[in-house]
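From first to last, the protein sequence lines stand for chains V and F.
If you read the first sequence in this note's numbering, its first letter stands for residue -15, the second for the next number, and so on.
If you read the second sequence in this note's numbering, its first letter stands for residue 915, the second for the next number, and so on.
Each residue gets a CB set at the ideal place from its N, CA and C atoms; glycine is no exception.
These figures come from a predicted structure and were not determined experimentally.
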Amino acid sequence: ELKVEQNPLFLSMQEGKNYTIYCNYSTTSDRLYWYRQDPGKSLESLFVLLSNGAVKQEGRLMASLDTKARLSTLHITAAVHDLSATYFCAVDGRSSNYQLIWGAGTKLIIKP
Amino acid sequence: DAGVIQSPRHEVTEMGQEVTLRCKPISGHDYLFWYRQTMMRGLELLIYFNNNVPIDDSGMPEDRFSAKMPNASFSTLKIQPSEPRDSAVYFCASRSHDSLTEAFFGQGTRLTVV
């Protein structure tokens, strides 16, 4: 059974600092997705990582995928308040029949 | 495309009443998912369809919940009778297996059962 673990689940940080959110998963997968959810809003896709070694960047966010380690990271550089949100990772397991398996989410609060 | 469209956006109903949530997926997407999100339980998959056929409904909490997808452009999630513990945000999402893209979410329906 595919399981996805995110850590930390909660992160409070100061503006200008760097930090990394980790997403570990338990079985083989080549596809991993990062989403952002603002309070009271829907989930919005941030990054789609489709192969080992994939790296995607947008603004102060960078996501990477290591399928051998079954690990993805979401790195935040020089955080700003606008990045405060909950971040989810989701994985396509090879046997999950296109059902995404979700991490619990990381609630990120960035203080001015 | 307008994206995944859900209605209503907000629903307040009394315990015991029937509630129907609606979803229009993105045109051409062959997978449709219904999720429920609460503070206590997080994001839960209730049921998903492929080509209008239910594939896995093991997440449906009880017989009070039912879902249908009569055609490729419409799905409903029904709760009958509703209970206060059903209060949550219900999301519909769709994706296409051809393009291996992510799932796209609707704006959600915030359900409050009083």
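Residue environment: E42(V) is assigned as exposed (fewer than 16 neighbouring CB atoms within 10 Å of its CB, all protein chains considered). Cβ-Cβ separation between M929(F) and S996(F): approximately 6 angstroms, consistent with a contact (criterion under 8 angstroms). Per DSSP, D50(V) is one residue of the beta strand (DSSP E) stretching across 45 to 50. Bounds of any beta strand (DSSP E) do not take in V918(F), whose DSSP letter is neither H nor E. By the C-beta criterion, the stretch 38 to 55 of chain V is judged not to be in contact with the stretch 967 to 978 of chain F, since fewer than 3 inter-stretch pairs fall below 8 angstroms. The beta carbon of Y9(V) sits no closer than 8 angstroms to any beta carbon of chain F. In the displayed model, L67(V) falls within a helix according to three-state DSSP. Interface annotation, E1016(F): in contact with chain V, CB-CB separation under 8 angstroms. Assigned with DSSP and collapsed to three states, P23(V) falls in coil, not helix or strand. G1022(F) and S29(V) have their alpha carbons spaced roughly 15 angstroms apart. C7(V) and G89(V) do not touch by the CB rule: their CB atoms are close to 10 angstroms apart, not below 8 angstroms.
Contacts between I969(F) and chain V, judged by CB atoms closer than 7 angstroms, involve N81 in chain order. For I969(F), DSSP records no beta bridge to any residue. T927(F) has its alpha-carbon roughly 8 angstroms from the corresponding atom of L1025(F). L957(F) belongs to the set of residues whose beta carbon lies under 8 angstroms from a beta carbon in chain V. The way I'd put it, the stretch 938 to 945 of chain F doesn't touch the stretch 14 to 27 of chain V; fewer than three beta-carbon pairs between them come closer than 8 angstroms.
Secondary structure at D1012(F): coil, using DSSP grouped into helix, strand and coil. Under DSSP, D76(V) takes part in a beta bridge, and its partners are R15(V), L84(V). Around the Cβ of E(-1)(V), a 10 Å sphere holds fewer than 16 other Cβ atoms; the residue is exposed. In the three-state DSSP reduction, P998(F) falls in the helix class (H, G or I). Only buried fits G77(V), as 16 or more other CB atoms lie within 10 angstroms of its CB.
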